[in-house]
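Asks: If you want my numbering, it's the position in the sequence shown, counting the first as 1, plus 18. Dropping the structure in here first, questions after.
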Amino acid sequence: MSKVLESEDESDPRTFKIHTAHYLWPTLAKPVNRSGDFIAPVKRSVRPLISILLLTVFAVTVSFRAVVGRGARSGAFEFDLIDVLAQTTTAPPAPVFNSTLLRYAGIDMGEAKAKHDIEQLLDGNFGGQGRYRTFAAWRRFNHPEGRARSSNGIPLSLRSPQIYRYWLDFRRVLQEWARKKAFFEPEIMSELVRLVKHPIDKHNGLVGSDKRYSSCAVVGNSGILLKSDYGELIDSHEFVIRLNNARTRDFERNVGWKTSVSFVNSNILHLCTRRKGCFCHPYGDNVPIIMYVCQPVHFLDYTMCNSSHKAPLLVTDPRFDVLCARIVKYYSLKRFAEETGKSLEEWGKVHDGANFHYSSGMQAVMLALGVCDKVSLFGFGKSASAKHHYHTNQKGELALHDYEAEYALYRDVAESPSEIPFISGKFNIPPMVIYQ
Ligand SMILES: *[C@@H]1O[C@H](CO)[C@@H](O)[C@H](O)[C@H]1NC(C)=O
Ligand SMILES: *[C@@H]1O[C@H](CO)[C@@H](O)[C@H](O)[C@H]1NC(C)=O
């Protein structure tokens, strides 16, 4: 079992050199965001316009206050307007992206097949899903002993109302997911607090606040972690994200033990489904899980496990998946063109276009950028002298990822975030440090 888990584990990396190696937060409180925390001198020609805008803001704020009295929202409302105003006056010139690269990055070569697979699944036809030809076959995989039991121990038969309910839930969530997947929504970065932090806050007995976590550590699984004793530093972050259930036991000195959220891909949950109560909690059953779905059939695992986990099991919004996919593909295409000099048409052949995918680590980093005021990366990167994973003996990396492209992205996040395509200019990328 654990062997399979290990080979699925994939948040990875090897050599890439980052200039910002070891230093602690206070020394790098230099935010590298795009629209700036400073107010640039306003050009003469726009001054009258600004005055009118300010007057309008004032008038609207006053009348809004008059309507809502001392309602809690008035503060937020004012803030929104001032924010908009600040952006219209201080936005630096937008970077110019290569439109050919942007266009190619927007093409999802796996789209037709994914659509077909989803339609088949919704019809109850599991023929395209390898070993699970039917829903019943899938059930047998998850309950090989043939005496299926629900999470509370009651035996289940395939025709039982509970199984039927899972089936209906599965169709409902899959349909909703497929619908949203069709949208490219660059503003999704600004929604992550609501989509992810609020449910986690609620689980922790707090009221969902729009304030982001003050500091986050994303802990990748690269063997480079064994070279340093970052454990304490990692645990000193407010929010610690770990990847693909990599174990911390026996490695606390290097990787720490605190876990605020376990970020996994759906292959991991699929394997957990075979265990009693869908057990998938190496960090304790109170730790929320955030999962991205790499195969639509895994929504079956989701619907069965969702009800038996006491901590939230959140599926990342498909619009966020789409954004991550485009960004990584852009970097991969760029690297391909620069290094090979070949036409972008050739990229798909080299990178298994239809199956190409970002890694779990990449999406976890993007998530952290959306919910944290500052981000630290640990265990991302590779080196000839380090193991692939700190906790396994897995040799290679998975071919469907382009790690070099992802490293280039992380470097840009840390050093020149305006170079990152597709992210809405309204979203400020927080400062990030990469520990090697
Ligand atoms: C998953 O479980 C949570 C908590 O029990 C529930 O609020 C949520 O609606 C469930 N999600 C789905 C899609 O069924
Ligand atoms: C955009 O990138 C492609 C591929 O690298 C290159 O062939 C093309 O010349 C670039 N276009 C511009 C305007 O730089």
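Glycine included, every Cβ here is placed at the ideal spot set by N, Cα and C.
From what residue to what residue does the alpha helix (DSSP H) around S117 run?
Replies: On the sequence shown, position 99 is the one that residue 117 refers to. Taken as a continuous stretch (DSSP letters only), the alpha helix (DSSP H) holding S117 covers 117-123.
Asks: DSSP state of V273, grouped into three classes?
Replies: Position 255 of the sequence shown, counting from 1, holds the residue named residue 273. Reduced to three states, the DSSP call for V273 is helix.
Asks: So which residues put a beta carbon under 5 Å from any heavy atom of ligand 3, going in chain order?
Replies: With respect to small molecules bound, the structure shown includes ligand 1 and ligand 2 and not ligand 3.
Asks: Taking just the CA atoms, how far does A404 sit from M322?
Replies: On the sequence shown, position 304 is the one that residue 322 refers to. On the sequence shown, position 386 is the one that residue 404 refers to. Computed Cα separation, rounded: 38 Å.
Asks: Are the CB atoms of L287 and D319 nearer to each other than 7 Å?
Replies: As a position in the sequence shown, residue 287 is number 269, starting the count at 1. As a position in the sequence shown, residue 319 is number 301, starting the count at 1. Yes, Cβ-Cβ distance for L287 and D319 is below 7 Å.
Asks: Mapping DSSP to helix, strand and coil, what is C234?
Replies: Reading the sequence shown from its first residue, position 216 is the one you call residue 234. Reduced to three states, the DSSP call for C234 is strand.
Asks: How many angstroms separate the CA atom of P435 from the CA atom of E203?
Replies: Your numbering for residue 435 matches position 417 in the sequence shown. Your numbering for residue 203 matches position 185 in the sequence shown. For P435 and E203, the distance between alpha carbons rounds to 19 Å.
Asks: Where does the unbroken beta strand (DSSP E) through V383 begin, and where does it stop?
Replies: Here the question's residue 383 lines up with position 365 in the sequence shown. From DSSP, V383 is part of no beta strand (DSSP E) but of the alpha helix (DSSP H) over 378-389.
Asks: Would you identify the three-state DSSP class for V114, choosing helix, strand or coil?
Replies: If you number the sequence shown from 1, residue 114 lands on position 96. It is coil, neither helix nor strand.
Asks: Among the candidates P217, R337, S378, whose CA atom is the shortest distance from the CA of M207?
Replies: As a working note, residue 207 is residue 189 in the sequence shown. Comparing C-alpha distances from M207 to each of P217, R337, S378 shows the shortest one belongs to R337.
Asks: Measure the alpha-carbon distance for V211 versus D228 and round it to whole angstroms.
Replies: For the purposes of this step, residue 211 is identified with residue 193 of the sequence shown, where counting begins at 1. For the purposes of this step, residue 228 is identified with residue 210 of the sequence shown, where counting begins at 1. When rounded, the distance between both Cα atoms is 6 Å.
Asks: Within a Cβ cutoff of 8 Å, which residues of the same chain sit near L351, ignoring the five residues on either side of it in sequence?
Replies: To locate residue 351, count along the sequence shown from 1; it is residue 333. Cβ neighbours of L351 beyond the five flanking positions: L119, Y122, A123, L362, W365.
Asks: Quick one: is the Cβ of T358 within less than 6 Å of any heavy atom of ligand 2?
Replies: In the sequence shown, counting from the first residue as 1, residue 358 sits at position 340. No - ligand 2 has no heavy atom lying nearer than 6 Å to the Cβ of T358.
Asks: Please report the Cβ distance between D391 and S232, rounded to the nearest whole angstrom; I am assuming they are in contact, meaning their Cβ atoms lie under 8 Å.
Replies: Indexing the sequence shown from 1 puts residue 391 at position 373. Indexing the sequence shown from 1 puts residue 232 at position 214. 5 Å between Cβ atoms; contact.
Asks: Using 8 Å as the Cβ pair cut-off and three pairs as the minimum, do the stretch 290-299 and the stretch 267-277 touch?
Replies: no
Asks: When the Cβ atoms of the stretch 297-305 are set against those of the stretch 241-256, are three or more pairs found closer than 8 Å?
Replies: no
Asks: With DSSP as the reference, identify every bridge partner of Y310, one or two as the case may be.
Replies: Numbered from 1 along the sequence shown, position 292 holds the residue referred to as residue 310. Looking at the DSSP assignment, Y310 forms a beta bridge with N283.
Asks: Got a sec, what are the start and stop residues for the beta strand (DSSP E) S350 sits in?
Replies: Looking up residue 350 in the sequence shown gives position 332. No beta strand (DSSP E) contains S350, which is instead part of the alpha helix (DSSP H) from 336-358.
Asks: Does ligand 2 have even one heavy atom less than 6 Å from the beta-carbon of A355?
Replies: Here the question's residue 355 lines up with position 337 in the sequence shown. True, at least one ligand heavy atom lies under 6 Å from that Cβ.
Asks: Check whether the stretch 373-392 touches the stretch 233-240, taking contact to mean three or more Cβ pairs, one atom from each stretch, closer than 8 Å.
Replies: Result yes; three or more Cβ-Cβ pairs closer than 8 Å.
Asks: Evaluate A47 with the Cβ neighbour count: other Cβ atoms within 10 Å of its Cβ, from every protein chain shown; 16 or more gives buried, anything less gives exposed.
Replies: Within the sequence shown, residue 47 is the residue found at index 29, counting from 1. Only weak support is given to the placement of A47: the predicted model assigns it a pLDDT of 32, under 50, and the value that follows is read from those uncertain coordinates. Residue environment for A47: exposed (fewer than 16 other C-beta atoms within 10 angstroms of its C-beta).
Asks: If we count the other Cβ atoms within 10 Å of its Cβ and call it buried at 16 or more, is V60 buried or exposed?
Replies: On the sequence shown, residue 60 is found 42 positions in, with the first residue counted as 1. For V60, the predicted model reports a pLDDT of 39, less than 50, meaning its position is unreliable and no value from the coordinates is stated.
Asks: Excluding sequence positions up to five away, which residues of its chain have a Cβ less than 8 Å from the Cβ of P113?
Replies: Within the sequence shown, residue 113 is the residue found at index 95, counting from 1. The residues are S436, E437.
Asks: Confirm, please, whether the CB-CB distance from H409 to A264 is below 7 Å.
Replies: Numbered from its first residue, the sequence shown carries residue 264 at position 246. Numbered from its first residue, the sequence shown carries residue 409 at position 391. Against a cut-off of 7 Å, the Cβ pair of H409 and A264 comes out as a contact.
Asks: Given this structure, state the Cα-to-Cα distance separating R353 from E137, to the nearest angstrom.
Replies: Position 335 of the sequence shown, counted from the first residue, corresponds to residue 353. Position 119 of the sequence shown, counted from the first residue, corresponds to residue 137. If I take the Cα positions, the gap works out to 35 Å.
Asks: What's the gap between the Cα of L139 and the Cα of V315?
Replies: Here residue 139 refers to the residue found at position 121 of the sequence shown. Here residue 315 refers to the residue found at position 297 of the sequence shown. Cα to Cα, the separation comes out at about 7 Å.
Asks: Is N446 buried or exposed, if buried means 16 or more other CB atoms sit within 10 Å of its CB?
Replies: In the sequence shown, residue 446 corresponds to position 428, counting from 1. By the 10 Å Cβ count, N446 comes out buried.
Asks: Quick one: is R344 buried, meaning 16 or more other Cβ sit within 10 Å of its Cβ, or exposed?
Replies: Counting from one through the sequence shown, the residue named residue 344 turns up at place 326. With 16 or more other Cβ atoms within 10 Å, it is buried.
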